Amino acid sequence: KQEVTQIPAALSVPEGENLVLNCSFTDSAIYNLQWFRQDPGKGLTSLLLIQSSQREQTSGRLNASLDKSSGRSTLYIAASQPGDSATYLCAVNAQKLVFGQGTRLTINP
Amino acid sequence: DAGVIQSPRHEVTEMGQEVTLRCKPISGHNSLFWYRQTMMRGLELLIYFNNNVPIDDSGMPEDRFSAKMPNASFSTLKIQPSEPRDSAVYFCASSAGGFSYEQYFGPGTRLTVT
Chain A
1 KQEVTQIPAA
11 LSVPEGENLV
21 LNCSFTDSAI
31 YNLQWFRQDP
41 GKGLTSLLLI
51 QSSQREQTSG
61 RLNASLDKSS
71 GRSTLYIAAS
81 QPGDSATYLC
91 AVNAQKLVFG
101 QGTRLTINP
Chain B
1 DAGVIQSPRH
11 EVTEMGQEVT
21 LRCKPISGHN
31 SLFWYRQTMM
41 RGLELLIYFN
51 NNVPIDDSGM
61 PEDRFSAKMP
71 NASFSTLKIQ
81 PSEPRDSAVY
91 FCASSAGGFS
101 YEQYFGPGTR
111 LTVT
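Chains as they are written, first to last, in my numbering: chain A, 1 to 109; chain B, 1 to 114.
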């Protein structure tokens with residue numbers, strides 16, 4: 001059974017810092033991995049999708065990497081801003097999306 | 001272009017009542033997913049439709065839950081009878097082709113069963 005773990009559960013940093021969120025999964029037989037953002041009381045917004053054959057994807061200040069063999073993905077956020085404050089979820093596609101519990105990120109002005 | 005639309009946004013009902021949640025996927029998407037989010041269990045897939053056909057309903061908790069997709073632009077998730085433990089946020093998502101493509105989520109329906 002696929003299990004997805006996100007560490008840390010919560011993170012608070014000052015504005016302007018670069019930061020890394022971690023995601024690990026137990027079964028490397030995946031089709032792709034997707035990072036989402038969830039604001040309080042809102043739905044999920046897709047940030048990046050990495051296919052299993054890819055090593056990384058970039059969108060603006062976000063960069064996601066995937067190391068399938070070690071069961072890890074990271075989401076790098078450059079020059080963080082208060083508007084980046086949200087919960088970040090990683091989801092692994094192994095016949096169906098399996099979500100981690102998320103990292104609650106707070107960027108302090 | 002409108003995203004995934006869900007209604008109602010909030011639902012409060014009494015135990016034993018029937019609850020129907022509705023979803024309109026993004027136009028042109030042929031895959032639709034229903035998820036449930038709780039503090040204890042996080043986000044879980046309930047059921048997945050492809051071209052209006054249920055493909056995987058292994059996540060549906062029990063017979064009280066049922067889902068239909070009568071056409072490409074509409075789906076319902078029904079709970080009958082509802083129980084307090086069904087209280088959660090229910091999300092609908094759609095994609096252009098199953099799990100290989102990005103999934104786009106609706107705003108969710110917050111269900112409270114008293």
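Yeah, the Cβ is synthetic: ideal placement off N, Cα and C, and Gly gets one too. Fair warning: this is a prediction, and the values are worked out from it, not measured in the lab.
Under the Cβ criterion of 7 Å, S52(A) is not counted among the residues facing chain B. Secondary structure of D67(A) (DSSP, three-state): strand. Put simply, the CB of F49(B) is far from chain A, with every gap to its CB atoms at 7 Å or more. Of all residues in the segment 87-107 of chain B, the ones placed with a Cβ closer than 7 Å to any Cβ belonging to chain A are F91, F99, S100, E102, Q103, Y104, F105, G106, P107, in chain order.
Leaving aside the five residues that flank Q80(B) on each side, the residues in its chain whose CB is nearer than 7 Å to its CB run, in chain order, E18, R64. At a Cβ-Cβ threshold of 7 Å, G43(A) and G108(B) count as neighbours. A94(A) is not a Cβ neighbour of Q38(A), given a cutoff of 7 Å. Under the 10 Å beta carbon count, I7(A) is surrounded by fewer than 16 other beta carbons and is classified as exposed. The C-beta distance from M15(B) to E83(B) rounds to 6 Å, short enough to fall under 8 Å. Taking A88(B) as the centre and dropping the five residues before and after it, the same chain places the C-beta of R36, Q37, T38, L111 closer than 7 Å to its C-beta, in chain order. When the alpha-carbon of M69(B) is set against those of L21(B), G106(B), A2(B), the nearest one is in L21(B). Every beta strand (DSSP E) stretch that sits fully inside the segment 6-34 of chain A and reaches 3 residues is listed by chain position as 10-14, 19-25. Within the segment 49-63 of chain B, the residues whose Cβ lies closer than 7 Å to any Cβ of chain A are, in chain order, D56.
Per DSSP, the beta-bridge partners of V12(B) are T112(B).
Non-local beta-carbon contacts of G97(B) in its own chain, meaning distances under 7 Å to residues more than five positions away in sequence, involve N30, S31 in chain order. Rounded to the nearest angstrom, the gap between the Cα atoms of E102(B) and S95(B) is 6 Å.
Here the segment 16-25 of chain A lies against the segment 86-103 of chain A, with 3 or more beta-carbon pairs under 8 Å apart. Sequence-distant partners of A86(A) (beyond 5 residues in either direction) whose C-beta falls short of 7 Å from its own C-beta, in its chain, are R37, Q38, D39, L105.
Only residues of its own chain outside the window of five on either side were considered, and among them R22 have a CB closer than 6 Å to the CB of S7(B), listed in chain order. Contact annotation: L33(A) and S59(A) have beta-carbon atoms that are not nearer than 7 Å. Residue pairing by DSSP places K68(B) opposite T76(B) in a beta bridge. For D84(A), the secondary structure class from DSSP, reduced to helix, strand or coil, is helix.
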